Amino acid sequence: MDKGQIQFLNIIKMTINKYTPIHKITTAYPQLIPLLIKRNNRFGCLNKPVSPWSPGYLATVGNIAAAAGEKEEELVAFLEEEIKRIEIQYRY
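For the sequence shown, the numbering used here gives the first residue as 131, with consecutive numbering after it.
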C-alpha cells in the first residue's frame, strides 16, 4: 500500500460532528471548500492558508456554523453527504 492509499483509508474512518476541526476536513477533502463557499459566502475565509499556531487552525464545524449563522446539524449533514459523494467519485 502506498502513502496515498493509507491516507485515504484514514480519511474514511473520520467521523464528522460539531467538534471536528474544520482544518482536518478541508485538508482531507479540499474539494469541499468551493462547495462550502457556494453554500454560504461567509466560508470564504477557508480559501486562505491557516497557520498551525493561529486560533483558526482549531476552529471546529460548530464554530464556523455559528460564525456563518447556520445550524450545526445542517452543516454536519451537508459535510457528510458531500464527503460520501467525493468518496464515491474517488473509488470509480
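Here a beta-carbon is modelled for each residue, glycine too, at the ideal position from N, C-alpha and C. If you're wondering where the values come from, they're calculated on a predicted model, not measured in any experiment.
What residue range is occupied by the uninterrupted alpha helix (DSSP H) comprising residue i?
{"i": "residue 219", "result": "202-221"}
{"i": "residue 163", "result": "162-169"}
{"i": "residue 191", "result": "191-198"}
Going along the chain, which residues of its own chain have a beta-carbon closer than 6 Å to the beta-carbon of residue i, five neighbours each way excluded?
{"i": "residue 172", "result": "198"}
{"i": "residue 139", "result": "Confidence at residue 139 is low in this model, with a pLDDT of 49, below 50, so its placement is unreliable and the value that follows should be read with caution. So no residue of the chain qualifies."}
Excluding the 5 residues preceding and the 5 following residue i in the sequence, name in chain order all residues of the same chain whose CB lies nearer than 8 Å to its CB.
{"i": "residue 193", "result": "152"}
Looking only at DSSP bridge pairs, what is residue i linked to?
{"i": "residue 151", "result": "190"}
Rounded to whole angstroms, how far is the Cβ of residue i from the Cβ of residue j, which I believe are closer than 8 Å?
{"i": "residue 170", "j": "residue 210", "result": "Not confirmed; about 17 Å, so no contact."}
{"i": "residue 162", "j": "residue 212", "result": "6 Å"}
{"i": "residue 190", "j": "residue 149", "result": "5 Å"}
{"i": "residue 146", "j": "residue 206", "result": "6 Å"}
Counting only the same chain and skipping the five closest in sequence on each side, list residues whose C-beta sits under 7 Å from that of residue i.
{"i": "residue 186", "result": "180"}
{"i": "residue 166", "result": "173 and 176"}
Stretch-stretch touch, CB-based, cutoff 8 Å, three pairs: the segment 213-222 with the segment 173-182: The segment 213-222, when compared against the segment 173-182, does not touch it at the 8 Å Cβ threshold.
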